[in-house]
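> Residue 135 in the working numbering sits at position 134 of the sequence shown; the count goes up by one each step and never skips. Beta carbons are placed, not taken as given, at the ideal position from N, Cα and C, and that holds for glycine. One structure coming up, written as structure tokens, with questions to follow.
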Amino acid sequence: MNRAIKSPERLTPEQRGEQLIAELDAMAATPRPDEYRILRLKAKIGGLGMVQPFSWIQWQEPYPEPQQTRMLDLETAIRHITRICRAERFFENSIVGHIRSGLLMGLCLVVREHTQRQLDLFIELVNGEFGPSTGMTFVQSTSDPRDVGR
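Okay, here's the thing in structure tokens:
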């Protein structure tokens, strides 16, 4: 009758990052991911601090080919991820092409590599490293990732 409510398991940033990679892999094989699944994916990406405020609309850097992502630095990878996630809000289903091509997976793998899979440490370090010199200040998102950069 009175059962204890089971609290959700707390995952480490490494585990959440691995879940994100697995989700991207599964979605790449899906013929047409539904809208809810895309929203959850964007929330996971934002929750890991990979969607950051910057002027993504004015940023003119072309998208790399998925094979070229390995050569990107951390800031450029984060900017591409941010642009992909933010553009989805204005151009519905644009993220699907980036998932299928492997670009989003490649960018997330670059972030994982540069941060050595410790995203919470990454957020602390980057806040001091990039800051005003590049116009980027990285913050961990606690809200809906669609609100970033409004």
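Go ahead and pull the three-state DSSP assignment for VAL111.
Counting from one through the sequence shown, the residue named residue 111 turns up at place 110. VAL111: helix per DSSP, three-state reduction.
> Apply the 10 Å Cβ neighbour rule to THR116 and answer buried if 16 or more other Cβ atoms are within range, or exposed otherwise.
Residue 116 sits at position 115 when you count from the first residue of the sequence shown. Buried, because 16 or more other Cβ atoms sit within 10 Å of the Cβ of THR116.
> Give a yes or no on whether the C-beta atoms belonging to TRP60 and ARG90 are separated by under 8 angstroms.
The count along the sequence shown starts at 1 and reaches residue 60 at position 59. The count along the sequence shown starts at 1 and reaches residue 90 at position 89. For TRP60 and ARG90, no; Cβs fall outside 8 angstroms.
> To which residues of the same chain is VAL111 closer than 6 angstroms at the C-beta, ignoring the five residues directly before and after it?
What you label residue 111 is simply residue 110 of the sequence shown in a count that begins at 1. Excluding positions up to five away in sequence, the list reads THR70, LEU73, ALA78.
> Where does SER144 fall in DSSP's three states?
In the sequence shown, residue 144 corresponds to position 143, counting from 1. Since pLDDT at SER144 reaches only 46, below the 50 mark, its modelled position is unreliable, and the value read off the structure follows with that caveat. Residue state, collapsed to three classes: coil.
> Evaluate contact between the segment 30-41 and the segment 49-69, counting only Cβ atoms and requiring at least three cross-stretch pairs below 8 angstroms.
Contact between the segment 30-41 and the segment 49-69 is absent, because fewer than three Cβ pairs lie under 8 angstroms.
> Helix, strand or coil: how does DSSP classify GLN16 here?
Within the sequence shown, residue 16 is the residue found at index 15, counting from 1. GLN16: helix per DSSP, three-state reduction.
> Could you tell me the distance, in whole angstroms, from the CA atom of VAL52 to the CA atom of ARG33?
Within the sequence shown, numbered from 1, the residue matching residue 52 stands at position 51. Within the sequence shown, numbered from 1, the residue matching residue 33 stands at position 32. In a straight line, the C-alpha of VAL52 is about 23 angstroms away from that of ARG33.
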